Amino acid sequence: MHEMGIALQIVEIASASIPAELENVRVVRVNLKVGKLAAIVPDSLRFCFDIAVKDTPLADAELVIEELPVLARCKACRAEWIISDPVFTCEQCNSGSLEILSGRELDIESIEIAEEDGNDSK
Amino acid sequence: MILNDGLKIQRCHYHHEEFHKPRPGQSNRIAPAGERQAGTREIKVVRRVLDVNAKMAEQNRRMFAAQGVYVLNVMSSPGSGKTTTLEKTLARIMPEIKCAVIVGDICTTHDADRLAISGAPVVQVNTDEFGGDCHLAAHVIEKAASNLELGGVDLLIVENVGNLVCPAEFDIGEDARVVVLSVTEGEDKPVKYPLMFRQCDAALLNKIDLLPYLDYDKQKAIAYIHQVHPDMPVFEISAKTQDGFDPWIEWIRDRVGQKSSLP
Chain A
8 MHEMGIALQI VEIASASIPA ELENVRVVRV NLKVGKLAAI VPDSLRFCFD
58 IAVKDTPLAD AELVIEELPV LARCKACRAE WIISDPVFTC EQCNSGSLEI
108 LSGRELDIES IEIAEEDGND SK
Chain B
578 MILNDGLKIQ RCHYHHEEFH KPRPGQSNRI APAGERQAGT REIKVVRRVL
628 DVNAKMAEQN RRMFAAQGVY VLNVMSSPGS GKTTTLEKTL ARIMPEIKCA
678 VIVGDICTTH DADRLAISGA PVVQVNTDEF GGDCHLAAHV IEKAASNLEL
728 GGVDLLIVEN VGNLVCPAEF DIGEDARVVV LSVTEGEDKP VKYPLMFRQC
778 DAALLNKIDL LPYLDYDKQK AIAYIHQVHP DMPVFEISAK TQDGFDPWIE
828 WIRDRVGQKS SLP
């Protein structure tokens, strides 16, 4: 529901990550990691991203989303497993004391840029 | 289904016509990690998208700590009885605990008007000014709090926008989060919205006065809550009759007392 706000943040962070010394750069890809537990719908985010990039150095960019599973570790018996159903108790010892190792991410990993040298422009 | 496909086609079309050149592999939207187009270079960013919100939330947390204000973020789906619960809660704790309230809604000041009767200072945030947001973000809380006289306040209650999805994602600098669900909703809400129930510190199961008239399986609902968040306290209450309020009020008193200078 808040994907447009997220898309605008992504555009802002990605634009700010373009090295200042480079001119006439276009971003061709933004690599994003999204945990399964994040309140984000990837399709909605892509839809919003395609609107948010207009008139920015990302106008041509593709949003590549890597979805990360919810990985938990039991604080009692140290077992690690991937949570696929919303059951947050240890599979081994039934303890409810867990650490969520991954699954909450909403991180920009990297951007990929192409420098315009005249042979690839419209 | 047909509508979805139609939309997708239209969107791709818009891409190409308006501001995109067709690119190899575009139809394959999830490209394999590490595969890069020739002539491009990768720049590592490694930043949380919600970094700005997280920093603002930390700033709020420091500001509230400096003033000894305990902040409770109350969330729920629309219609679970959040406002009534807070009206009754304020009436119970108010003389002893000095409260202030921030209310988030997309439109109207109805909830703020109701809560202001308690005598607590209330700031209404209408998120339509911020693009009709479905949640309160940290910067919105910062602005709203700056309109409150927090000196002497022990407890700031934030009534978030009625929504079980987005508010769970946004830290506002609170000390604790409470989710309200009611017995007129499905028992399986906790497993449908696991992030919300993971993120909260307590759950209020409201409208228990209606149980005799419903087929609601209360034990099943509580089991679902504990499946997502084992050991989370669940307070069974009726905001209408105030049944079950004592343990809930005690929970607030304990928490606020630990932070502020209450006797």
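Residue numbers (the numbering used here), protein chains in the order written: chain A, 8 to 129; chain B, 578 to 840.
The beta-carbon is built from N, C-alpha and C at its ideal position, and this holds for glycine as well.
Predicted model only: the values in this text are computed from it and were never measured.
Burial check for Ile-58 (chain A): the Cβ neighbour count within 10 Å stays below 16, so the residue is exposed. Counting along the chain, Val-629 (chain B) sits inside no beta strand (DSSP E); it lies in the alpha helix (DSSP H) bounded by residues 628-643. Contact annotation: the stretch 648-666 of chain B does not touch the stretch 42-59 of chain A, with fewer than three C-beta pairs closer than 8 Å. About 26 Å separates the Cβ atoms of Val-646 (chain B) and Leu-741 (chain B), ruling out a contact at the 8 Å cut-off. Chain A has a Cβ within less than 7 Å of the Cβ of Glu-619 (chain B). The beta carbon of Ser-695 (chain B) lies closer than 7 Å to those of Glu-664, Leu-667, Ala-668, Met-671 in the same chain, with the five residues before and after it left out.
Residue nearest to Pro-807 (chain B) within the set A:Ile-115, A:Ala-68, A:Asn-101, A:Gly-110 is A:Asn-101 (criterion: CA-CA distance). Three or more Cβ pairs closer than 8 Å define a contact, and the stretch 820-832 of chain B meets that threshold against the stretch 778-786 of chain B. By the rule that beta-carbons nearer than 7 Å mark a contact, Ala-86 (chain A) does not touch chain B.
In the three-state DSSP reduction, Tyr-647 (chain B) falls in the strand class (E or B). Per DSSP, Asp-690 (chain B) lies in no beta strand (DSSP E); the unbroken alpha helix (DSSP H) holding it starts and ends at 687-693. Taking Leu-791 (chain B) as the centre and dropping the five residues before and after it, the same chain places the C-beta of Val-760, Thr-761 closer than 8 Å to its C-beta, in chain order. Listed in chain order, the non-local C-beta contacts of His-712 (chain B) below 6 Å within the same chain comprise Val-738, Cys-743, Pro-744, Phe-747, local neighbours out to five positions each way being set aside.
Counting only residues of its own chain and dropping the five nearest sequence neighbours on each side, Glu-736 (chain B) has a CB closer than 8 Å to the CB of Val-651, Lys-659, Thr-660, Leu-663, Val-678, Ile-679, Val-680, Gly-681, Asp-688, Leu-692.
Only exposed fits Cys-84 (chain A), as fewer than 16 other CB atoms lie within 10 angstroms of its CB. For the pair Ser-815 (chain B) and Asp-794 (chain B), the CB atoms are not nearer than the 7 Å cut-off.
For Glu-73 (chain A), the enclosing beta strand (DSSP E) begins and ends at 69-75. Neighbourhood of Val-94 (chain A) in chain B, by CB distance below 7 Å: Gln-804, in chain order. By the neighbour-count criterion, in which 16 or more other beta carbons inside 10 Å mark a residue as buried, Lys-82 (chain A) falls on the exposed side. Minimum Cα-Cα distance from Leu-733 (chain B) among the listed residues B:Ala-753, B:Ile-620, B:Gln-819 corresponds to B:Ala-753.
For Val-623 (chain B), there is no enclosing alpha helix (DSSP H); the residue is part of the beta strand (DSSP E) that begins and ends at 617-625. Interface with chain B (7 Å Cβ-Cβ cutoff): Ile-20 (chain A) is included. With respect to the 7 Å criterion, Asp-705 (chain B) and Ile-683 (chain B) are classified as neighbours on the basis of their beta carbons. Around the Cβ of Ile-826 (chain B), a 10 Å sphere holds 16 or more other Cβ atoms; the residue is buried.
Here Asn-31 (chain A) is not bridged, per DSSP, to any residue.
Interface residue (Cβ-Cβ distance to chain B less than 7 Å): Ser-117 (chain A) is classified as such.
Arg-625, Val-626, Leu-627, Asp-628, Val-629, Asn-630: these are the residues of the stretch 625-652 of chain B whose beta carbon lies less than 9 Å from some beta carbon of chain A, given in chain order. Leaving aside the five residues that flank Glu-119 (chain A) on each side, the residues in its chain whose CB is nearer than 6 Å to its CB run, in chain order, Val-35, Arg-36. The alpha-carbon of Trp-88 (chain A) is positioned some 6 Å away from that of Leu-78 (chain A). Excluding its 5 nearest sequence neighbours in each direction, Ile-107 (chain A) has C-beta neighbours in its own chain below 8 Å: Leu-44, Val-77, Leu-78, Ala-79, listed in chain order.
For Val-742 (chain B), the nearest CB of chain A lies under 7 Å from its own CB, placing it at the interface with that chain. Checking the DSSP bridge columns, you'll see Met-652 (chain B) partnered with B:Val-756. For Leu-113 (chain A), the chain B residues whose Cβ falls inside 9 Å of its Cβ are Arg-625, Val-626, Leu-627, Glu-746, in order along the chain.
For Pro-26 (chain A), the chain B residues whose Cβ falls inside 8 Å of its Cβ are Ile-620, in order along the chain. For Ile-58 (chain A), no Cβ of chain B is located within less than 7 Å of the residue's own Cβ.
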